[in-house]
């Protein structure tokens with residue numbers, strides 16, 4: 001195999017046009033072969049696994065004569081930086097959500113929100129609010145952030161008094 005192995009975070013285009021983000025390289029438990037784990041980069045999120053050899057295999061020109069690609073999956077070199085940033089941010093939001101959910105103390109949550117304010121998006125705020133059973137009423141991300149901070153500060157103030 002003369003093609004390089006896909007790396008985590010890279011975007012590949014399938015010969016039918018859809019784009020996929022590489023999540024990782026895994027090993028099949030039954031055969032020991034390397035597998036590529038990837039997810040859709042657009043639309044509904046689905047995760048797929050393909051043997052590395054199949055992922056990097058050339059297309060059958062007889063079976064698919066009208067395609068421009070030489071291989072089943074090719075590295076996207078034309079992906080706009082804004083699209084890559086959006087995909088990267090989506091993954092970052094997931095890690096932020098997981099970090100936030102691991103926090104047990106409201107003071108820690110407040111500090112976390114202040115530290116990561118520039119990285120917080122609507123998706124994060126929805127998950128954080130639901131995890132705290134906080135009902136959101138605001139519309140913009142900034143208003144939602146401020147409302148969540150007020151909720152946590154109020155909760156922290158009254159819960160700390162109750163424990164004394």
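Residue numbers (full-length UniProt numbering): 1 to 164.
Yeah, the Cβ is synthetic: ideal placement off N, Cα and C, and Gly gets one too.
Since we're looking at a predicted model, the values are computed, not measured.
For residue 67, the CB contacts under 7 Å within the same chain, skipping 5 residues up- and downstream, are 15 and 59 in chain order.
Residue 98 places its beta carbon 8 Å or farther from that of residue 128.
The alpha-carbon of residue 56 is positioned some 16 Å away from that of residue 18. Counting only the Cα atoms, residue 122 lies some 13 Å from residue 137. For residue 124, the enclosing alpha helix (DSSP H) stretches over residues 122 to 131. When the five nearest sequence neighbours on each side are left out, no beta carbon in the same chain lies closer than 7 Å to the beta carbon of residue 143.
No Cβ-Cβ contact shorter than 8 Å links residue 132 with residue 145.
With 16 or more other Cβ atoms from the protein chains shown falling within 10 Å of its own Cβ, residue 21 counts as buried.
In the three-state reduction of the DSSP assignment, residue 26 falls in the strand class, which pools E and B. Contact annotation, residue 103 with residue 112: C-beta distance approximately 6 Å; criterion of less than 8 Å satisfied. For the set 110, 130 and 115, the Cα lying nearest the Cα of residue 154 is the one of 110. Residue 5: not part of any alpha helix (DSSP H); DSSP gives it neither H nor E. If you look at residue 13, you'll find it in the beta strand (DSSP E) that goes 11 to 14.
Per the coordinates, the alpha-carbon of residue 93 lies some 43 Å from the alpha-carbon of residue 62. Taking 8 Å as the cut-off, the Cβ atoms of residue 26 and residue 41 do not count as close. By a beta-carbon distance limit of 8 Å, residue 51 does not contact residue 39. Their separation comes to about 17 Å.
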